[in-house]
Amino acid sequence: MLEFPRWKYALILVVLVLAALYALPNAYQKNPSVQITPSTSEARIDEALKTRVDGLLKAAGVTPVGTEIDENHLLLRLHDADAQTLASDTLRPELGENYSVALNLASTVPDWLSNMGARPMSLGLDLQGGVHFVMQVDQAAALQKRVEGYADSIRTVLRDARIGYSSVERRPDNSIGVVLTEGADVNAARTQIATSLASASGQTVGGSGPQITTEGNRITVRLSQGEISRIASDAVEQNRTVISNRINAIGVAEPVLQRQGEDRLVIQLPGLQDTAEAKRLIGATATLEFRAVTGDENQAAAAVASGNIPADSRIYYNDAGTPLLLSRRVLVQGDQLINANPQTDSQTGTPAVGITLNSAGGKRMLDHTLQNVGQRLGIVYVERIPTVRMVNGEEVRSSRSVERVISSSTIRGVFGREFQTTGLSREESTDLASQLKAGALAAPMDFVEERVVGPSLGAENVERGVTAVLYAFVFTLIFFLFYYRMFGVVTCLALILNLLIVVAVMSLFGATMSLPGFAGLALSIGLSVDANVLINERIREELRAGMPPKAAIVTGYEKASDTIFDSNLTGIIAGTALYAFGTGPLQGFAVTLVIGIIASMFTAIVVSRALVTLIYAPRKKLKSLAI
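Numbering (the numbering used here), first residue to last: 974 to 1600.
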């Protein structure tokens, strides 16, 4: 008996409505736009900035399609890519280093669709374009940072071993000079230093690790060339991991992050909406430094006025512009942070950041607080900001550091690995926790190349890819209409729904469509065609065997379904393996293929049978089939 459950009709209707709804955003084109985002804490997004930007654009002859402003960014929608480029070139030098001016593609999807979670399908860098960064790691700074860490470890072990020393300094050639006091045990000091360096570097002293020489009461520690190369390489790899974590926090689909040469990283962010935010998070090297406060505000003001600053101190300023005297010695720095989360201080109810240190940082903090309860501890927020300025018509890229004291509170009790930092606004605590939790960079990084890959090549690739898929689709439909007649019409409707489901699912889950993705889509259409051919040919065989038309339909679907399931299961396994072990384009191909196979099984087995039942079941006497 040719029957089909009513709940399956309801299921098909729900799938059809949802597929149409979530595929709809892909019909809306994006506007070329320019996005302005503050790059320093002093910069503000307000009406004054909007008025200034409008005046600059008017003078350049650029009329925006629309302007959107909130506390985080100013978005200018423009008519075309030429207007976008002109606006960017006009605003970037005028706004200076306090603002980031980034090219963008702004969505035009209606709010009612966006509120339902519907969004357009992401396109890869080869289809849509996107952001391309090349960042260079300052390996000299990484080496300096590591050597200073070694020097600090030497001071600690000599002090713990009660071996007197007058100085432990890093020299310009990145060696460490140790001067012991008269009568100090040089051999014991050498042994303590060797043990400390072996533990810190993970290399045997005297072998491939640091080299130690003595002359009288002077000890010199030099890094081998292998150790220097290893430090530089480790800095690049650590920064690569940190950047990867920051990209994941942005939520970019299928980013490209790879090493180039000895000290560069290539970053490609296809289909990214908020390019300015990406640049801020990726390029910022914000961290914290904990330093002892060596003098109160009056002493600091007197030191600034006289220019007589103590040798062991530096002048820092807080948000109010008040000077403070802080120790040159860093107690704990960013690379000793394990975790940071925005919290609320249980006593005051103000925003705070809960910080967890590693064991070495926790020990140093514990030792300091044990001896300095009642004294003040300064927390310095250090931010390295990429800058661009025009010199003789060419861009010159550099960076500047902003250091400010965010807290100089009194140490009320002894603490070690876990504690809270207060004195931040809610936004500052959230941003700082996000950057610190992503990881500390082993060395500063600079943007040496930055471009937005234009959509012209991507548009051509999209056009060709869509044309290829459409031609394959249309030729398949024509073949089915002529060869299978009424069952060809059913198959065509099932294939259309199959394509709609694939686009909707990829849009819903944020999958990225690339050129290999188009290949996977075309292949999934072919597999769907194969499934429908199996069903139609099986029905023909049953008719040729003398079976009544309605029974032939039922038997054909039942017997063909097992074969379709088995053949498509192998395709799903292959696609899963490609996704698990492949990278980049292979993963894009695999995602599209697997989604297309699952959709084709549903449309071929369920949807087409529902349509056939709807057409032929009402007929009481069915003598033949149009197949």
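A virtual CB, placed ideally from N, CA and C, is assigned to each residue, including glycine.
Treat the numbers as computed from the prediction; the structure is a model and nothing was measured.
Query	Result
Note down the Cα distance separating Leu1421 from Glu1235, rounded to an integer number of angstroms.	First, the amino acid is wrong: residue 1421 is Val here, not Leu. Roughly 14 Å separates the two Cα atoms.
DSSP puts Pro1315 in a beta bridge; with which residues?	Val1326
Under 8 Å, do Gly1561 and Leu1494 count as touching if we go by C-beta distance?	no
Buried or exposed: which applies to Tyr915, given that a residue is buried once 16 or more other Cβ atoms fall within 10 Å of its Cβ?	With the chain running from 974 to 1600 in the structure shown, residue 915 is simply not present.
Quick check: the Cα distance between Ala1222 and Lys1031, rounded to an integer number of angstroms?	Unreliable placement is indicated for Ala1222, whose pLDDT of 49 sits below 50; the coordinate value is still reported in the next sentence. So the two alpha carbons sit approximately 37 Å from each other.
Gln1246 by DSSP, collapsed to three states: which one?	Any reading at Gln1246 must be qualified, since the residue scores a pLDDT of 49, below 50, and its modelled position is unreliable; no value is offered.
What does Gln1008 pair with, by DSSP beta-bridge criteria?	Leu1048, Ala1075
Please state whether DSSP places Gln1057 in a helix, a strand or coil.	helix
Am I right that Gln1057 and Leu1051 are in contact with their C-beta atoms under 8 Å? What's the rounded C-beta distance?	5 Å
Are the beta-carbon atoms of Met1089 and Met1479 separated by less than 8 Å?	no
Nearest to Gly1483 by alpha carbon, out of Leu1096, Asn1071, Pro1011?	Leu1096
Where do the N-terminal and C-terminal ends of the beta strand (DSSP E) with Ile1185 fall, by residue?	1184-1188
Is DSSP giving Gln1198 helix, strand or coil here?	helix
Check each candidate in Gly1137, Thr1164, Asn1147 and name the one with the smallest Cα separation from Glu1155.	Gly1137
In terms of alpha-carbon separation, which member of Val1159, Ser1087, Val1107, Thr1168 lies closest to Tyr1123?	Thr1168
By the 10 Å Cβ neighbour count, where 16 or more other Cβ atoms means buried, how is Glu1188 classified, buried or exposed?	exposed
I'd like to confirm the pairing. Which residues does DSSP put opposite Pro1296 in its beta bridges?	Tyr1290
Please classify Gly1268 as buried or exposed, where buried requires at least 16 neighbouring CB atoms within 10 angstroms.	buried
Would you be able to state if there are at least three C-beta pairs under 8 Å between the segment 1527-1542 and the segment 1571-1585?	yes
Assess, as a yes-or-no matter, whether the segment 1334-1345 is touched by the segment 1388-1401 under the definition of 3 or more beta carbon pairs within less than 8 Å.	yes
Could you give the residue range of the alpha helix (DSSP H) that holds Ser1497?	1488-1517
Can you give me the Cβ contacts of Gln1246 inside the same chain, cut-off strictly under 8 Å, excluding the 5 residues immediately before and after it?	Reliability fails at Gln1246, whose pLDDT of 49 lies under 50, so the model's placement of it is uncertain and no value is given.
Note down the Cα distance separating Ser1073 from Thr1010, rounded to an integer number of angstroms.	5 Å
My output table needs one value for Leu1096: the three-state DSSP class, helix, strand or coil.	strand
Ignore the nearest five residues each way along the sequence and tell me which others in Asn1345's own chain have a CB closer than 8 Å to its CB.	Ala1265, Ile1384
For Gln1348, which three-state DSSP category applies?	coil
By a C-beta neighbour count over all protein chains shown, 10 Å radius and 16 as the cutoff for buried, is Ser1381 buried or exposed?	buried
In the structure shown, what three-state DSSP assignment does Glu1210 receive?	helix
Determine whether the beta carbon atoms of Gly1555 and Leu1566 lie at a separation below 8 Å.	no
Short check: CB of Gly1327 to CB of Gln1309, under 8 Å?	no
If you draw a straight line from the alpha carbon of Thr1543 to that of Pro1558, how long is it in whole angstroms?	21 Å
Considering Ile1546, what are the terminal residues of the beta strand (DSSP E) in which it resides?	Note, Ile1546: premise wrong, no beta strand (DSSP E); alpha helix (DSSP H) at 1522-1554.
Measure the Cβ-Cβ separation of Thr1449 and Val1502 and say whether it is below 8 Å.	yes
Decide if Val1035 is buried, meaning its Cβ has at least 16 other Cβ atoms within 10 Å, or exposed.	buried
Please report the residue range of the beta strand (DSSP E) in which Gln1393 lies.	1391-1395
Classify Ala1583 as buried or exposed, calling it buried when 16 or more other Cβ atoms lie within 10 Å of its own Cβ.	buried
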